[in-house]
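Novice:
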Amino acid sequence: MKNNLLLFLLLVLFNSCAELQTLVDQYPLEQEKPLSSSEIGNGLKEALRVGSINAANILSSKDGFYKDEIVKIALPPEAQIISNNIRMIPGGKDLIQKVEIRLNRAAEDAVKASTPIFASAIKDMTISDALSILQGNDNAATLYLQGKTYNKLKNLFLPKVKNSLDKKLIANISTNESWSLLTESYNKVANSFAGKAVNLEVVNTKLEDYVTNKALNALFLKLAIEEKQIRKDPLKRINDILKRVFGTLDK
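Residue numbering for the sequence shown follows the numbering used here, starting at -10 and increasing by one per position.
1. What three-state label does DSSP hand Lys101 in the structure shown?
2. Which residues does DSSP list as the beta-bridge partners of Ser50?
3. Taking 8 Å as the cut-off, does the stretch 146 to 156 touch the stretch 41 to 51 (at least 3 CB pairs, one atom from each stretch)?
4. Quick one: what's got a C-beta closer than 7 Å to Lys151's C-beta in the same chain, skipping five residues either side?
5. Can you tell me the Cβ-Cβ gap for Ile214 and Leu231, rounded? I've got them flagged as a contact below 8 Å.
6. Kindly give me the distance between the Cβ atoms of Leu170 and Ala179, rounded to whole angstroms, as I take these residues to be in contact under 8 Å.
7. Buried or exposed for Thr11, going by 16 or more other Cβ atoms inside 10 Å?
8. Taking 8 Å as the limit between beta carbons, can you name the residues of its chain near Leu33, skipping five residues before and five after?
9. Does the stretch 102 to 114 come into contact with the stretch 180 to 187, if we say contact requires no fewer than three beta-carbon pairs (one atom in each stretch) closer than 8 Å?
10. Please identify the residue among Asp83, Leu84, Asp52 whose C-alpha is closest to the C-alpha of Val100.
11. Within 10 angstroms of the Cβ of Leu224, are there 16 or more other Cβ atoms? Answer buried if so, exposed if not.
12. Could you compute how far the alpha carbon of Ile70 sits from the alpha carbon of Arg94?
13. Would you call Val191 buried or exposed, if buried means 16 or more other Cβ atoms sit within 10 Å of its Cβ?
Below you can see the structure in the form of structure tokens.
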């Protein structure tokens, strides 16, 4: 009788284990549960926070612009004819290089100030924004942030860039003054009869506007790269919320 009872209990136990395993198979573990809207929102905000900090840190470091061929700021394209000719003059190549270094340093200085503006825009992101961004293109979050911050950043960057370009350098002449001397001399030639005969165009580029636009374009380019890496590379998801939210895109 005891043996029969023991056999019955064992059968019940094994059947219960089998049913338990079936339930486990049917119902995912906690981490497999569907993401809540708040989790998606927090994940997107964290991705933008991490990406914007990384992008700003990369560009604001010394030579973050100048030694990166993708974002390096050269003289404005319309001034290419000036730089091509001045390089033929003794010392001209060094002059162009010094001016270009200062353009890039000005951009580095400006980019440092981007983080608080990014942080404010990220804080204001809605759940609806986050849901749309998660299923968007690889740069969807970057485009969202660009739309929210571009004008504010431009207004912030412009005076900083101008101040940097107005700093007195060698011979007590600033980068802006050097540029003015350079373009004024060239424009005299362009406006002359000989210049008009060969279709030379006057150069009226304001350096601070040019550098500010270049700095902004570079910042959002780097942010887009950071966003794509978080979306595509699990190793770039440096904390649990990023792993959980963007892990859903891997499936």
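Where a beta carbon is used, it is the ideal one built from N, C-alpha and C, also for glycine.
Specialist: According to the structure data:
1. Numbered from 1 along the sequence shown, position 112 holds the residue referred to as residue 101. Three-state DSSP puts Lys101 in coil, outside helix and strand.
2. Mapped onto the sequence shown, residue 50 falls at position 61. Paired residue(s): none; Ser50 is not in a bridge.
3. no
4. For this step, residue 151 is matched to residue 162 along the sequence shown. Only Glu197 meet the Cβ criterion.
5. On the sequence shown, position 225 is the one that residue 214 refers to. On the sequence shown, position 242 is the one that residue 231 refers to. With 8 Å as the limit, Ile214 and Leu231 do not qualify as a contact, their Cβ atoms being about 16 Å apart.
6. Counted from its first residue, the sequence shown places residue 170 at position 181. Counted from its first residue, the sequence shown places residue 179 at position 190. Leu170 to Ala179, Cβ: 15 Å. No contact.
7. Here residue 11 is taken as the residue at index 22 of the sequence shown, counted from 1. Residue placement at Thr11 cannot be trusted, given a pLDDT of 49 that sits under 50; what the coordinates show is reported in the next sentence. Flag for Thr11 reads exposed.
8. Taking the sequence shown and counting its residues from 1, one reaches residue 33 at position 44. Here the set comprises Met114, Asp118, Ala119, Ile122, Leu123, Ala130, Val234.
9. no
10. Position 111 of the sequence shown, counting from 1, holds the residue named residue 100. With distances taken between Cα atoms, Val100 lies closest to Asp52.
11. As a working mapping, residue 224 is identified with position 235 in the sequence shown. The residue in question, Leu224, is exposed, as its Cβ has fewer than 16 Cβ neighbours within 10 Å.
12. Numbered from its first residue, the sequence shown carries residue 70 at position 81. Numbered from its first residue, the sequence shown carries residue 94 at position 105. Ile70 and Arg94: Cα-Cα distance of roughly 23 Å.
13. Locating residue 191 in the sequence shown gives position 202, counting from the first residue. Exposed is the call here.
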